[in-house]
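Protein chains: 2
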Amino acid sequence: MPSSEPRQKLWIETDGQLVMSDYRVRLLELVAETGSLAEAASALGLSYRRAWGKVKEIEANLGRPLVRSEVGGAGGGRTLLTPAAEQIVTAYRRFQQRVEEDVEGAYDDELRDLLTPP
Amino acid sequence: MPSSEPRQKLWIETDGQLVMSDYRVRLLELVAETGSLAEAASALGLSYRRAWGKVKEIEANLGRPLVRSEVGGAGGGRTLLTPAAEQIVTAYRRFQQRVEEDVEGAYDDELRDLLTPP
Numbered sequence: 001m002p003s004s005e006p007r008q009k010l011w012i013e014t015d016g017q018l019v020m021s022d023y024r025v026r027l028l029e030l031v032a033e034t035g036s037l038a039e040a041a042s043a044l045g046l047s048y049r050r051a052w053g054k055v056k057e058i059e060a061n062l063g064r065p066l067v068r069s070e071v072g073g074a075g076g077g078r079t080l081l082t083p084a085a086e087q088i089v090t091a092y093r094r095f096q097q098r099v100e101e102d103v104e105g106a107y108d109d110e111l112r113d114l115l116t117p118p
Numbered sequence: 119m120p121s122s123e124p125r126q127k128l129w130i131e132t133d134g135q136l137v138m139s140d141y142r143v144r145l146l147e148l149v150a151e152t153g154s155l156a157e158a159a160s161a162l163g164l165s166y167r168r169a170w171g172k173v174k175e176i177e178a179n180l181g182r183p184l185v186r187s188e189v190g191g192a193g194g195g196r197t198l199l200t201p202a203a204e205q206i207v208t209a210y211r212r213f214q215q216r217v218e219e220d221v222e223g224a225y226d227d228e229l230r231d232l233l234t235p236p
């Protein structure tokens, strides 16, 4: 039997301006995972230029740097998250996880039976 | 000082198919408020045809009628929600309200301080 499921999209605004979202957090997370903005961009199907622009926009909105470059070394340098960005990514994932659980609970209590096809 | 706020969008899927959303519930609610699908459509900037199509699509997905027509009377007939649709609209609003409160709470606990510009 088909069962209905709740979905949600979350984002954060400051004065009506988008400052953080599921998508932007994913971009930062991919930078951390790959050590490269180019690879993070490619994983999301973005041009490097566009990914870079997004990171700079989030930095401007939040008023602090989120990525930093480490030059040299075997791989010829990599891009890392700043401690502030790491903290934000971790906290956002906790926030998102908690909301997901809340949405499931509220849905089970209020809507699931009503929306399941007879 | 600018303060950051969480936003969310909710919807319900059955087998990957959209069956209910903030927007669709608003459409049904407007039918109930105005007694007219034409007025509900106009309030959302939709053509009558498109609004009608949306209602029929939701009915098909949920497997039950959501609106009914009452003919005659002083105004020359009106469109009403079925009891099932009224129940769904009320329950969805409760679901939405509860999630909004949960999102605010989770945001205050996990993210607000981190995302407020210095």
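Protein chains in written order, with the working numbering: chain X, 1 to 118; chain Z, 119 to 236.
No residue lacks a Cβ here, since even glycine has one placed at the ideal position from N, Cα and C.
Nonlocal neighbours in the same chain, by C-beta distance under 8 Å from residue i, ignoring five residues either side
i        : result
X:VAL71  : GLY77
X:PRO89  : Correcting the residue identity first, residue 89 of chain X is Val in this sequence and not Pro. So the qualifying residues of the chain are VAL25, LEU28, GLU29, ALA32 and LEU81.
Z:ASP140 : LYS127, LEU128, TRP129 and GLN214
X:GLU104 : PRO6
X:VAL55  : LEU27, LEU28, VAL31, LEU37, LEU66 and VAL67
Nearest neighbour of residue i, chosen from the options [CA to CA]
i        : options                              : result
X:ALA106 : Z:TYR225, Z:LEU155 and Z:ASP220      : Z:ASP220
X:ILE58  : X:PRO6, X:LEU111 and X:GLN17         : X:GLN17
X:ALA91  : Z:LEU162, Z:VAL173 and Z:ARG230      : Z:ARG230
Z:ASP133 : X:ARG64, X:PRO6, X:TYR48 and X:ASP15 : X:PRO6
X:THR116 : Z:THR234, Z:ARG182 and Z:GLU228      : Z:ARG182
Distance CB(residue i)-CB(residue j) smaller than 8 Å
i        : j        : result
Z:VAL217 : X:SER4   : no
X:VAL67  : X:ALA85  : yes
X:LEU37  : X:THR79  : yes
X:GLN87  : Z:LEU232 : yes
Bridge-paired residues (DSSP) for residue i
i        : result
X:THR14  : X:GLN17 and Z:SER122
Z:LYS127 : X:LYS9
X:SER69  : X:THR79
Contacts around residue i, its chain only, beta-carbon distance under 7 Å, and the 5 residues preceding and following it disregarded
i        : result
Z:LEU180 : VAL137
Z:ALA158 : LEU145, LEU148, VAL149, THR152 and ALA169
Z:SER187 : GLY195 and THR197
Z:TYR166 : LEU155, ALA156 and ALA159
heavy atom of the ligand ADP below 7 Å from residue i C-beta
i        : result
Z:GLY181 : In the structure on display, the ligand ADP does not appear, and there are no ligands present to speak of.
Cβ of residue i within 8 Å of any chain A Cβ
i       : result
X:TYR92 : Given the protein chain composition of this structure (X and Z), no chain A is represented.
Item to complete: Tell me, please, whether the region 207–218 of chain Z touches the region 124–136 of chain Z by the rule of three or more beta-carbon pairs shorter than 8 Å.
Response: yes
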